[in-house]
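Using this note's numbering, the first residue of the sequence shown is number 41, and each one after it goes up by one.
Note that beta-carbon positions come from the ideal geometry of N, C-alpha and C, so glycine has one too.
Heads up: the structure comes next, in structure tokens.
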Amino acid sequence: LTGIDSETLWEAMKMVMARTETMEESLEVIKPRQITIEDQIGKLRHYLARGRSFQFTDLIANPRDRTEIAITLLALLELIKRREAQAHQTRLFGPIDITTS
Numbered sequence: 041l042t043g044i045d046s047e048t049l050w051e052a053m054k055m056v057m058a059r060t061e062t063m064e065e066s067l068e069v070i071k072p073r074q075i076t077i078e079d080q081i082g083k084l085r086h087y088l089a090r091g092r093s094f095q096f097t098d099l100i101a102n103p104r105d106r107t108e109i110a111i112t113l114l115a116l117l118e119l120i121k122r123r124e125a126q127a128h129q130t131r132l133f134g135p136i137d138i139t140t141s
């Protein structure tokens with residue numbers, strides 16, 4: 041990753057998780073949904089296929105829960121590891137831009 045270290049990713053993750061703490065939980069009983077890393081990798085590949093850059097926050101604009109955020113981050117890291125995506129951050133705590141490799 042260019043300009044991004046594990047501490048920066050961890051701080052970004054903590055900021056996102058803090059946002060979800062303010063979400064109100066529904067009183068309805070809902071069925072747990074299955075979300076997999078493979079599903080999120082497919083979603084990310086769809087974003088990357090457009091050929092434009094996007095920000096990590098675009099991927100988690102309306103998360104249903106913390107699990108979705110964590111799985112999305114893991115999917116992104118997997119695509120970066122596979123060299124299918126790149127992440128760039130120009131300043132500390134700034135937006136993380138995602139592009140195709």
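Query raised in the report: Under 8 Å between C-beta atoms, does residue 55 make it to chain C?
Result: Protein chain content of the structure displayed is limited to a single chain, and chain C is not contained in it.
Query raised in the report: Anyone know if the C-beta pair for residue 119 and residue 110 falls short of 8 Å?
Result: One-based indexing of the sequence shown puts residue 119 at position 79. One-based indexing of the sequence shown puts residue 110 at position 70. No, these two residues do not count as a Cβ contact at 8 Å.
Report task. Report the partner residues of residue 139 according to the DSSP bridge assignment. Result -> Indexing the sequence shown from 1 puts residue 139 at position 99. Residue pairing for residue 139: DSSP places it in a beta bridge opposite 126.
Query raised in the report: On the three-state DSSP scale, how would you describe residue 95?
Result: Position 55 of the sequence shown, counted from the start, is the residue given in the question as residue 95. Judged by DSSP in its simplified three-state form, residue 95 adopts strand.
Query - Helix, strand or coil at residue 76 according to DSSP, with G and I counted as helix - result: In the sequence shown, the residue the question calls residue 76 occupies position 36. The answer is coil: DSSP assigns residue 76 none of H, G, I, E or B.
Query raised in the report: Just how far apart, CA to CA, sit residue 79 and residue 114?
Result: To locate residue 79, count along the sequence shown from 1; it is residue 39. To locate residue 114, count along the sequence shown from 1; it is residue 74. C-alpha of residue 79 to C-alpha of residue 114: approximately 11 Å in a straight line.
Report task. Answer with buried or exposed for residue 127, where buried requires no fewer than 16 other C-beta atoms within 10 angstroms of its C-beta. Result -> Looking up residue 127 in the sequence shown gives position 87. That one is buried.
Report task. Under 6 Å Cβ to Cβ from residue 135, same chain only, skipping five residues before and after it: list those, please. Result -> Taking the first residue of the sequence shown as 1, we reach residue 135 at position 95. When the five nearest sequence neighbours on each side are left out, the beta carbons in the same chain lying within less than 6 Å of the beta carbon of residue 135 are those of 95, in order along the chain.
Query raised in the report: Given residue 91, which residues of its chain have a CB within under 8 Å of its CB, disregarding the five upstream and five downstream residues?
Result: As a first step, residue 91 must be located in the sequence shown, where it is residue number 51. Cβ neighbours of residue 91 within its own chain (closer than 8 Å, five residues either side excluded): 140.
Query raised in the report: Mind checking whether residue 93 and residue 137 have CB atoms under 8 Å apart?
Result: Locating residue 93 in the sequence shown gives position 53, where the first residue counts as 1. Locating residue 137 in the sequence shown gives position 97, where the first residue counts as 1. The Cβ atoms of residue 93 and residue 137 sit closer than 8 Å to each other.
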